[in-house]
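Here's the structure, in structure tokens; my notes come after.
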């Protein structure tokens, strides 16, 4: 048995082909009784996702300008590129000078501000040549206020009391689609097929997926997967989403718990109860996309520069990269890092050049890629090595490999105790 002093907000990982049981083991959560009706693409299990905000990524805001960053991102270990919506944006009721990415004017066109379809096809080909995958943001719940379907197919939309196309929620630059209309469903599925066929993408991130009926997803996803094993990510945390074919969902519950632990408002044990509760609800094998920031959280809620500031970021980033049943997300600019909210409706390019976190992320992504014990489906066992209110520790295991992760999520140094056998592997003090 050995004792160590773990600095505030520090991370420690030990890798080994096999090691003894930690000092105290805590039973893992009982698995869900149901299983997924499909198999995940193999590449996502030890993969990662990098969200690309094309508009703000470069001063030009084009696909060709972003393409110049592919080599850098590949070297950092980025595997899957998720592009925010690429469609043209409605001009009617537009917010700001450029409008919301999520107010789509045409589902089968590319926003000319970003370039041409040929530019996009070349970018996808270049990413694939570097061993990367590409998924695109899809907006199935609503359209922009002047989407071409409003003129061509007015029956595709929910009507308000005046008999006019209704606004989606309180987003007055959008119109709510009517999923009771089978012709609309067919048109939506056809539009998704168009992007798979014309540019060979590897999947979709589906916006507001939680407000689209399960029956649609149960039609659309198998249809899309007929010729290719696509990765499907749902914005939502409802259990019906993985049961309807989605590989991964959003863990809003865990993200909010992480924020409270980071702020000192809840103990580290809060992460335990959240993980057990939600994994018990999902079918066995469901993946959650863990993150410290994304486009919504950056713009509207000051993540990660506000919720995980400075040194607070590192242990929570490690948590997202090493937790069970998870695939990690990095948002555009987190490797720099960009420490401000990016405007949502106007041009507001980020500045690159320092890459202060790039080496940190590269280390994490490389560890995840090469060690099967960090795969989404590797086993998980919580362990006690110190004060559980401050220190979160767990063991992941798969294919004869084991990883011990120890995170000090508090602002104070913590003494940890680990059996000596557990230190046979190579340690990483991140």
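Residue numbers (my numbering): 544 to 973.
Even for Gly, the Cβ is constructed at its ideal location relative to N, Cα and C.
How about residue i and residue j: do their beta carbons lie closer than 9 Å?
i: residue 613; j: residue 653; result: no
i: residue 641; j: residue 595; result: no
i: residue 757; j: residue 787; result: yes
i: residue 863; j: residue 825; result: no
i: residue 869; j: residue 919; result: yes
i: residue 682; j: residue 742; result: no
i: residue 949; j: residue 933; result: no
i: residue 685; j: residue 751; result: yes
i: residue 780; j: residue 796; result: yes
i: residue 644; j: residue 717; result: no
i: residue 736; j: residue 767; result: yes
i: residue 880; j: residue 900; result: yes
i: residue 774; j: residue 746; result: yes
i: residue 637; j: residue 887; result: no
Does the beta-carbon of residue i have 16 or more other beta-carbons within 10 angstroms, so that it is buried, or is it exposed?
i: residue 861; result: buried
i: residue 874; result: buried
i: residue 769; result: exposed
i: residue 1004; result: Nothing can be reported for residue 1004, as the shown portion of the chain is limited to 544 through 973.
i: residue 790; result: buried
i: residue 626; result: buried
i: residue 843; result: exposed
i: residue 694; result: exposed
i: residue 910; result: buried
i: residue 712; result: exposed
i: residue 871; result: buried
i: residue 618; result: exposed
i: residue 785; result: buried
i: residue 726; result: exposed
According to DSSP, is residue i helix, strand or coil?
i: residue 809; result: coil
i: residue 850; result: coil
i: residue 939; result: strand
i: residue 861; result: helix
i: residue 831; result: strand
i: residue 817; result: helix
i: residue 699; result: helix
i: residue 600; result: helix
i: residue 633; result: coil
i: residue 686; result: strand
i: residue 886; result: coil
i: residue 931; result: coil
i: residue 876; result: coil
i: residue 776; result: strand
i: residue 570; result: Only weak support exists for where residue 570 lies, its pLDDT of 31 falling under 50; the value from the coordinates is given anyway. In the structure shown, residue 570 sits in coil (DSSP, three-state: anything other than H, G, I, E or B).
i: residue 825; result: coil
i: residue 871; result: strand
i: residue 556; result: strand
i: residue 609; result: helix
i: residue 759; result: helix
To the nearest angstrom, how far is the alpha carbon of residue i from that of residue j?
i: residue 772; j: residue 687; result: 30 Å
i: residue 706; j: residue 720; result: 14 Å
i: residue 740; j: residue 763; result: 15 Å
i: residue 649; j: residue 831; result: 30 Å
i: residue 896; j: residue 856; result: 20 Å
i: residue 959; j: residue 928; result: 5 Å
i: residue 945; j: residue 938; result: 7 Å
i: residue 663; j: residue 893; result: 21 Å
i: residue 610; j: residue 738; result: 19 Å
i: residue 828; j: residue 656; result: 39 Å
i: residue 761; j: residue 922; result: 29 Å
i: residue 616; j: residue 878; result: 10 Å
i: residue 658; j: residue 823; result: 45 Å
i: residue 722; j: residue 733; result: 15 Å
i: residue 841; j: residue 799; result: 14 Å
i: residue 749; j: residue 961; result: 43 Å
i: residue 714; j: residue 622; result: 33 Å
i: residue 858; j: residue 952; result: 7 Å
i: residue 930; j: residue 954; result: 13 Å
i: residue 811; j: residue 589; result: 25 Å
i: residue 585; j: residue 671; result: 16 Å
State the start and end residues of the unbroken alpha helix (DSSP H) segment that holds residue i.
i: residue 730; result: 725-742
i: residue 704; result: Counting along the chain, residue 704 falls outside any alpha helix (DSSP H), and DSSP gives it neither H nor E.
i: residue 840; result: 838-844
i: residue 908; result: 901-913
i: residue 783; result: 783-786
How is the beta strand (DSSP E) around residue i delimited, first residue to last?
i: residue 680; result: 676-681
i: residue 947; result: 944-951
i: residue 957; result: 957-961
i: residue 769; result: Run containing residue 769: none; DSSP gives neither H nor E here.
i: residue 719; result: 717-719
i: residue 667; result: Looking at the DSSP string, residue 667 is not in any beta strand (DSSP E); the run it does join, the alpha helix (DSSP H), is 660-672.
i: residue 624; result: 623-626
i: residue 592; result: 592-595
i: residue 746; result: 746-749
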